[in-house]
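Novice:
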Amino acid sequence: MQQSGPPPPDRLTAHDLTVAYDGVPAVVDVTLSLPAGCLCGLVGMNGAGKSTLLKALGGFVSPAAGSVRLDGLPPARAQRQQRLAYVPQSEQVDWDFPIRVRDVVLQGRYGRMNLLRWPAASDRRAVERALQRVDLSDLAERPIGALSGGQRKRVFLARALAQEATVLLLDEPFTGVDRPTERLIIAVLRELCAAGAAALLATHDLEAIPDFCDRVLLLNRRLLAFGPTGEVFTQANLLRTFGAAPVLP
Amino acid sequence: MSTPFGNAIPLVSLVPLSLGRWLLEPLQQGFLLRALLLGSLVAVVCAVLSCYMTLKGWALMGDAVSHAVLPGVVLAYALGLPYALGAFLFGVGSVGLMGWIRQHTRVKEDTVIGLVFTGFFALGLVLISRLPSGVDLSHILFGNLLGITDADVAQTVAISLVVLVLLLVRGRDLLLFCFDPGHARSIGLRTGRLHYLLLTLLSLAAVAGLQAVGILLVVAMLVTPGATAYLLSDRFGPMTLLAVLSAVLATFTGVLLSYWLDASTAGCIVLVQTALFLLAAVLAPRHGLLARQHRRVSPPVR
Numbered sequence: 003m004q005q006s007g008p009p010p011p012d013r014l015t016a017h018d019l020t021v022a023y024d025g026v027p028a029v030v031d032v033t034l035s036l037p038a039g040c041l042c043g044l045v046g047m048n049g050a051g052k053s054t055l056l057k058a059l060g061g062f063v064s065p066a067a068g069s070v071r072l073d074g075l076p077p078a079r080a081q082r083q084q085r086l087a088y089v090p091q092s093e094q095v096d097w098d099f100p101i102r103v104r105d106v107v108l109q110g111r112y113g114r115m116n117l118l119r120w121p122a123a124s125d126r127r128a129v130e131r132a133l134q135r136v137d138l139s140d141l142a143e144r145p146i147g148a149l150s151g152g153q154r155k156r157v158f159l160a161r162a163l164a165q166e167a168t169v170l171l172l173d174e175p176f177t178g179v180d181r182p183t184e185r186l187i188i189a190v191l192r193e194l195c196a197a198g199a200a201a202l203l204a205t206h207d208l209e210a211i212p213d214f215c216d217r218v219l220l221l222n223r224r225l226l227a228f229g230p231t232g233e234v235f236t237q238a239n240l241l242r243t244f245g246a247a248p249v250l251p
Numbered sequence: 003m004s005t006p007f008g009n010a011i012p013l014v015s016l017v018p019l020s021l022g023r024w025l026l027e028p029l030q031q032g033f034l035l036r037a038l039l040l041g042s043l044v045a046v047v048c049a050v051l052s053c054y055m056t057l058k059g060w061a062l063m064g065d066a067v068s069h070a071v072l073p074g075v076v077l078a079y080a081l082g083l084p085y086a087l088g089a090f091l092f093g094v095g096s097v098g099l100m101g102w103i104r105q106h107t108r109v110k111e112d113t114v115i116g117l118v119f120t121g122f123f124a125l126g127l128v129l130i131s132r133l134p135s136g137v138d139l140s141h142i143l144f145g146n147l148l149g150i151t152d153a154d155v156a157q158t159v160a161i162s163l164v165v166l167v168l169l170l171v172r173g174r175d176l177l178l179f180c181f182d183p184g185h186a187r188s189i190g191l192r193t194g195r196l197h198y199l200l201l202t203l204l205s206l207a208a209v210a211g212l213q214a215v216g217i218l219l220v221v222a223m224l225v226t227p228g229a230t231a232y233l234l235s236d237r238f239g240p241m242t243l244l245a246v247l248s249a250v251l252a253t254f255t256g257v258l259l260s261y262w263l264d265a266s267t268a269g270c271i272v273l274v275q276t277a278l279f280l281l282a283a284v285l286a287p288r289h290g291l292l293a294r295q296h297r298r299v300s301p302p303v304r
């Protein structure tokens with residue numbers, strides 16, 4: 003990250019974003035902006051609207067009010083231009099699906115391929131690089147159902163890597179994951195952000211947040227606090243977020 | 003259902019028949035060879051699609067669409083139009099109506115499917131009893147593979163080719179849509195269109211399949227081969243191949259069985275498919291009952 007010169011461009015912005023399901027608001031009036039290089043933690047109780055916010059930012063649910071921009075583009079256009087990588091919660095994946103690790107990662111390249119989705123040499127190289135980066139090259143031929151919890155997370159991280167997107171949205175990437183895998187995921191995300199991407203990840207791992215997040219967003223349907231980790235990630239704010247003081251290191 | 007030929011032989015006399023005669027004698031009959039070839043083509047088309055249906059969890063949808071085409075078939079015959087056209091319009095129409103009711107009422111999806119397809123099917127029954135269409139209800143309900151007309155053969159072949167070409171071109175996107183629609187959207191694929199493409203393919207395959215085994219059993223063609231293959235493979239390519247092989251094998255065996263037993267062709271084909279599924283369920287190397295039992299007794303050493 004350069005220290006002088008123009009400020010880094012905004013990768014992800016939302017203005018007064020409100021999302022409702024059947025008229026019941028799930029996320030209300032969220033305004034945020036993540037510049038290039040920013041790794042932001044999204045923290046809140048279960049049911050606070052974290053997944054909903056991520057889905058609205060990714061353009062998967064249309065907001066009741068407000069707007070979202072990825073790299074300055076509306077979500078639909080950003081999707082078509084391969085700006086967005088979304089890593090779903092593990093529970094949303096059908097692990098019995100008859101598909102190999104390598105083929106899941108290859109799906110990250112579909113948007114860059116021709117209509118028939120025949121991979122070019124560059125696509126294959128990107129897949130192998132991504133597999134290598136998350137330490138899954140040896141398991142590339144395995145069906146996804148044969149993987150452990152941590153390996154499963156790494157498959158979807160590899161897919162996001164292969165996509166070469168500029169905005170990453172990750173829903174609970176650390177649940178059911180061992181410490182080495184968590185460290186690997188964090189290292190990969192930091193690399194991506196250092197290279198100019200921005201990432202927003204929902205997590206329950208409060209302990210790790212000060213170590214790797216530049217910013218934190220505290221959510222309980224409304225945005226409670228958003229800013230640099232040092233300023234925002236305080237005992238008082240967490241008390242407001244969770245209604246009780248969680249144990250902080 | 004009786005087949006249009008009078009060479010039925012008692013079941014016991016099947017035993018001394020040599021395999022050669024069992025296979026060769028029927029193949030010398032022109033209509034039977036034609037039934038085998040057309041039945042195999044339909045089996046291939048339905049089997050490939052059945053892999054998507056199994057993975058997407060659309061078996062009930064397949065059942066619904068195949069029933070809902072009945073009024074379309076009857077109307078098309080009455081108006082002198084290609085039956086495939088009528089069937090296709092009503093198949094897609096039923097899906098549209100299901101979607102509309104689902105979105106605009108609080109009724110749950112399986113209920114909506116159940117009530118829409120029975121409504122369409124009932125409309126077909128009323129139409130067939132009132133319209134002088136010359137349609138034989140039993141042929142539509144149970145299939146008429148052995149007595150199929152040239153015009154119907156042409157239509158079925160055309161439909162089958164359309165489905166296979168569309169699957170060849172859009173198959174990878176459809177598979178991604180089945181596996182992870184969220185990711186499909188995030189890379190800019192229009193998942194709404196993929197949804198309707200898959201439904202269109204389902205309607206078309208149901209139309210082709212009903213030629214072979216009739217409306218009542220076509221869902222077996224659209225589900226069973228995929229389910230059998232799903233037990234046998236953890237990769238989509240081999241799964242598709244196994245589904246096709248099992249469906250073609252079932253068609254051949256079923257048609258020959260129906261010839262020698264003088265029994266319902268559709269019934270025989272589907273019965274063999276079901277038998278193949280049960281075999282796979284017990285014997286499949288990784289996901290079969292025996293393999294699971296074996297693993298429980300002696301956990302695998304890594």
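In order, the protein sequences belong to chains A and B. Here the first sequence stands for residues 3 to 251, numbered as in this note's numbering. Here the second sequence stands for residues 3 to 304, numbered as in this note's numbering. Ideal Cβ placement from N, Cα and C applies to all residues, glycine included.
(1) Check the Cβ of Q81 of chain A against every Cβ in chain B and list those closer than 9 Å, keeping chain order.
(2) Please state whether DSSP places H252 of chain A in a helix, a strand or coil.
(3) Which partner residues does H289 of chain B have in the DSSP bridge list?
(4) Out of curiosity, what's the CA-to-CA distance linking M223 of chain B and H206 of chain A?
(5) Quick one: which chain B residues come within Cβ less than 8 Å of P310 of chain A?
(6) So R102 of chain A contacts chain B; which residues on that side make the cut at Cβ distance below 7 Å?
(7) Can you tell me whether DSSP reads D73 of chain A as helix, strand or coil?
(8) Taking DSSP as the reference, what is the three-state secondary structure of S35 of chain A?
(9) On a CA-only basis, which of A:V106, A:A132 and A:R126 is nearest L149 of chain A? Give me that one, please.
(10) Could you tell me which chain B residues have their CB closer than 8 Å to the CB of D73 of chain A, listed as they occur along the chain?
(11) Would you report the Cα separation of A200 of chain A and F228 of chain A, rounded to the nearest angstrom?
(12) At least one CB of chain A closer than 8 Å to the CB of P6 of chain B: is that the case?
(13) So for P145 of chain A, helix, strand or coil by DSSP?
(14) Taking P37 of chain A as the reference, give the member of A:L14, A:P27, A:S69 and A:G113 with the closest Cα.
(15) Relative to the C-alpha of L59 of chain A, which candidate in A:D173, A:Q94 and A:M115 has its C-alpha closest?
(16) Would you say L174 of chain B lies against chain A (beta-carbon separation less than 8 Å)?
(17) Let me see if you follow: with CB-CB separation under 8 Å, is Q153 of chain A close to chain D or not?
(18) Taking a Cβ distance cut-off of 8 Å, strictly less, list which residues of the segment 87 to 99 of chain A are near chain B, in chain order.
(19) Note down the Cα distance separating S188 of chain B from H197 of chain B, rounded to an integer number of angstroms.
(20) Within 10 Å of its beta-carbon, does H185 of chain B have 16 or more other beta-carbons around it, so buried, or fewer, so exposed?
(21) Give the range of the alpha helix (DSSP H) segment to which Y85 of chain B is assigned.
(22) If you measure beta-carbon to beta-carbon, which residues of the segment 116 to 134 of chain A are closer than 8 Å to chain B?
(23) Just mark P11 of chain A as buried or exposed, buried being the case when its beta carbon has 16 or more other beta carbons within 10 Å.
(24) Using a Cβ cut-off of 7 Å, pull out every chain A residue sitting near L1 of chain B, in sequence order please.
(25) For G290 of chain B, which residues in the same chain have their Cβ closer than 8 Å to its Cβ, ignoring the five residues on either side in sequence?
(26) Counting Cβ pairs closer than 8 Å, one from the segment 132 to 140 of chain A and one from the segment 104 to 122 of chain A, do we hit at least three?
(27) If you count every other CB in all the chains shown that lies within 10 Å of the CB of V167 of chain B, and 16 or more means buried, which is it?
(28) What does a CB cutoff of less than 6 Å around S4 of chain B pick up in its chain, not counting 5 residues either side in sequence?
(29) For L178 of chain B, go through chain A and note every residue whose CB falls closer than 7 Å to its CB, in chain order.
(30) What residue range is occupied by the uninterrupted alpha helix (DSSP H) comprising Y232 of chain B?
(31) Could you check which residue in A:L118, A:R79, A:K57 and A:L240 has the C-alpha nearest to that of V29 of chain A?
(32) Among A:L159, A:L41, A:R102 and A:A16, which residue has its Cα nearest to the Cα of A196 of chain A?
(33) Just how far apart, CA to CA, sit R144 of chain A and R288 of chain B?
(34) Which same chain residues, not among the five before or five after S162 of chain B, have their C-beta less than 7 Å away from its C-beta?
(35) Over what stretch of residues does the beta strand (DSSP E) that includes L168 of chain B continue unbroken?
(36) Take the Cβ of H69 of chain B as the centre, count every other Cβ of all protein chains shown within 10 Å, and call the residue buried at 16 or more, exposed below.
Specialist: According to the structure data:
(1) R187, S188, I189, G190 and L191
(2) Examination of residue 252 of chain A is not possible in this model, given that chain A is present from 3 through 251 alone.
(3) Looking at the DSSP assignment, H289 of chain B forms no beta bridge with any residue, so it has no partner.
(4) 46 Å
(5) Only positions 3 to 251 of chain A appear in the structure, and residue 310 of chain A is not among them; the question remains open.
(6) R237
(7) coil
(8) strand
(9) A:V106
(10) The premise fails here: D73 of chain A is roughly 14 Å from chain B at the closest Cβ pair, so nothing lies under 8 Å.
(11) 15 Å
(12) Confidence in P6 of chain B is poor, its pLDDT being 47 and thus under 50, which makes the residue's placement too unreliable to answer from.
(13) strand
(14) A:L14
(15) A:D173
(16) Per the sequence shown, the amino acid found at residue 174 of chain B is Arg instead of Leu. Yes - at least one Cβ of chain A is within 8 Å of the one on R174 of chain B.
(17) Absent from the structure is chain D; the protein chains it does hold are A and B.
(18) A87, Y88, P90, Q94, V95, D96 and F99
(19) 16 Å
(20) buried
(21) Y85 to H106
(22) L117, L118 and R119
(23) exposed
(24) Only positions 3 to 304 of chain B appear in the structure, and residue 1 of chain B is not among them; the question remains open.
(25) L233, A282, A283 and V284
(26) yes
(27) exposed
(28) With a pLDDT of 44 at S4 of chain B, under the threshold of 50, the modelled position of this residue cannot be trusted; read the value that follows with caution. Result list for S4 of chain B: empty, nothing under 6 Å.
(29) Q109 and Y112
(30) V220 to L234
(31) A:K57
(32) A:L41
(33) 14 Å
(34) L43, V44, V47 and A210
(35) Unbroken run through L168 of chain B is the alpha helix (DSSP H), D152 to F181; no beta strand (DSSP E).
(36) buried
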